[in-house]
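Protein chains: 2
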Amino acid sequence: MITFTAYMIAEFHDYLRSRVELRDTDLMRISSHAVQMDLRRNQFLFSEGDVCRHKAFIVSGILRTFATRADGSEHILQFSQERTWAIDAESYDNQIPSRYNIAAVEQSQLLLWSKVDFDQLLSEIPALKSFAERLISRAIYNGRDRLLSALSASPEEKYNDFVRDYPSLIQRLPLRMIAAYLGISMKTLTRIRRAQISALK
Amino acid sequence: MITFTAYMIAEFHDYLRSRVELRDTDLMRISSHAVQMDLRRNQFLFSEGDVCRHKAFIVSGILRTFATRADGSEHILQFSQERTWAIDAESYDNQIPSRYNIAAVEQSQLLLWSKVDFDQLLSEIPALKSFAERLISRAIYNGRDRLLSALSASPEEKYNDFVRDYPSLIQRLPLRMIAAYLGISMKTLTRIRRAQISALK
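Chains as they are written, first to last, in the numbering used here: chain S, 1 to 201; chain B, 1001 to 1201.
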């Protein structure tokens, strides 16, 4: 168990070191507040109506952020893979019930920070704060691109863009989740993939 | 001309005062860096390929942020009305060419700050900095809601949500822009509106 956590912390340090200039003491301080969490496939980090209490860093696995509509249909806003973060910002920032769910697509290992602890770290470590701001900015840019794609791209373009942007994800996701992410029907997705496969033959 | 600018500054002060606790000296310092700009209907603040050099506050009027696809179709990511800000964050933050356009829907009056000046103000005035962070957070929350709507809502739901969220905008926008914002065809939009009007009779 100790060894396992040590490996996760090492992964996290490696991730942070490659992106932010931090003193070793700061790095240790950040990870000393982290708690380990393992999720089984399909297990929830939190559900709609819960408060998103933690910032989650994904050491291994894939999480999906999704909403369910009254008709039971599932709509995936985001996949979060290794070395990225998963959070519902609105719920986390304001500690209010979330309108979304975050659950594991496959078995996943996470590091979690409570908001109190992470806020404290942000106020004490300016380099971490500016790194967090960069991540937030990138979330805005990506959100905008994804919205434009949802508004304007054809189903074929959506699928091709997804394959281009997430080549390593495509093998690991059930088809129904790809469809729920792209906002197209299973029937359309199957047709697109079949056409591409026969074009390759 | 002087009076006109004074009116715009007064509007801006009123906006800021109602949202942030600022000393009068800070308020004056912020507005002293603003430059006035008037846009005619359909005039561009900047076009795709330009760098978004300014943060723009809208005193009066409506701006739209949009992208055009290769087939010439226009897709509107956002409308920005009085007392909100218009910016392409990715282009502005990194001073790189934008992939979007921002143009006036109707005659509009703006206050502009260069990035250098605004960054300076942010670093000098902590209350302005935390207000800016709140605006950024809200942009993320709204972006997420808009994405979910684009992925999952029916054309009727999209239209009804828009009418509910922007009752004052609906009268001021050409139908083709509402369609380009909702990601539905003009034909579908006309059908929805006609059905609602006959239901009222």
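For every residue, glycine included, the Cβ atom is placed at its ideal position computed from N, Cα and C.
Practice problem: State the beta-bridge partners of Ser154 of chain S as determined by DSSP. | Solution: Reading the first sequence from its first residue, position 154 is the one you call residue 154 of chain S. Paired residue(s): none; Ser154 of chain S is not in a bridge.
Quiz item: Any residues in the segment 130-157 of chain S with a beta carbon nearer than 7 Å to a beta carbon of chain B? Which ones, in chain order?
Solution: Ile136, Ser137, Ala139, Ile140, Tyr141, Gly143, Arg144, Arg146, Leu147, Leu148, Ala150, Leu151, Ser152
Practice problem: Please confirm whether Ala1034 of chain B and Leu1112 of chain B have their CB atoms less than 8 Å apart. | Solution: Within the second sequence, residue 1034 of chain B is the residue found at index 34, counting from 1. Within the second sequence, residue 1112 of chain B is the residue found at index 112, counting from 1. Yes, Cβ-Cβ distance for Ala1034 of chain B and Leu1112 of chain B is below 8 Å.
Quiz prompt | Own chain residues within Cβ distance below 7 Å of Glu1011 of chain B, not counting five before or after | solution = Here residue 1011 of chain B refers to the residue found at position 11 of the second sequence. Only Val1059 meet the Cβ criterion.
Quiz item: Taking all protein chains shown into account, do 16 or more other C-beta atoms lie within 10 angstroms of the C-beta of Gly1143 of chain B, making it buried, or fewer, making it exposed?
Solution: In the second sequence, the residue the question calls residue 1143 of chain B occupies position 143. Gly1143 of chain B should be labelled buried.
Quiz prompt | Within chain S, partners of Leu1204 of chain B - CB distance below 8 Å | solution = Past the boundaries of the shown model lies residue 1204 of chain B; chain B is included only from 1001 to 1201, so the question cannot be answered.
Self-check item: Own chain residues within Cβ distance below 6 Å of Lys1129 of chain B, not counting five before or after
Solution: To locate residue 1129 of chain B, count along the second sequence from 1; it is residue 129. These residues qualify, in order along the chain: Leu1122.
Exercise. Give the DSSP-derived three-state secondary structure of Asn1160 of chain B in the structure shown.
Key: Start at 1 with the first residue of the second sequence, and residue 1160 of chain B comes out as number 160. The answer is helix: DSSP assigns Asn1160 of chain B an H, G or I state.
Quiz item: What residues are listed by DSSP as bridge partners for Arg1064 of chain B?
Solution: Working through the second sequence from its first residue, we reach residue 1064 of chain B at position 64. DSSP output for Arg1064 of chain B lists B:Phe1079, B:Ala1103 as bridge partner(s).
Quiz item: Going by C-alpha distance, which of B:Ile1030, B:Leu1110, B:Ile1102 is nearest Glu1082 of chain B?
Solution: The residue labelled residue 1082 of chain B in the question sits at position 82 within the second sequence. Of the listed residues, the one whose Cα sits closest to Glu1082 of chain B is B:Leu1110.
Quiz item: Does the beta-carbon distance from Ser80 of chain S to Ala89 of chain S come in below 8 Å?
Solution: The residue you call residue 80 of chain S lines up with position 80 of the first sequence. The residue you call residue 89 of chain S lines up with position 89 of the first sequence. Cβ atoms of Ser80 of chain S and Ala89 of chain S: not closer than 8 Å.
Self-check item: For Lys1055 of chain B: DSSP bridge partner residues
Solution: Here residue 1055 of chain B is taken as the residue at index 55 of the second sequence, counted from 1. In the DSSP output, where bridge partners are listed per residue, Lys1055 of chain B has B:Trp1113.
Quiz item: Counting Cβ pairs, one atom from each stretch, are 3 or more of them under 8 Å apart for the segment 23-32 of chain S and the segment 147-155 of chain S?
Solution: no
Quiz prompt | Chain-order list of residues whose beta-carbon lies under 7 Å from that of His1054 of chain B (same chain, five-residue window excluded) | solution = Residue mapping note: residue 1054 of chain B aligns to position 54 of the second sequence, counting from 1. Excluding positions up to five away in sequence, the list reads Leu1112, Trp1113, Ser1114.
Exercise. Examine chain B for any beta-carbon lying closer than 8 Å to the beta-carbon of Ser73 of chain S, and answer yes or no.
Key: Start at 1 with the first residue of the first sequence, and residue 73 of chain S comes out as number 73. For Ser73 of chain S, the answer is yes, since a Cβ of chain B falls inside 8 Å of its Cβ.
Self-check item: Cβ of Arg69 of chain S within 8 Å of any chain B Cβ
Solution: Translated into the one-based positions of the first sequence, residue 69 of chain S becomes position 69. At least one chain B Cβ lies under 8 Å of Arg69 of chain S.
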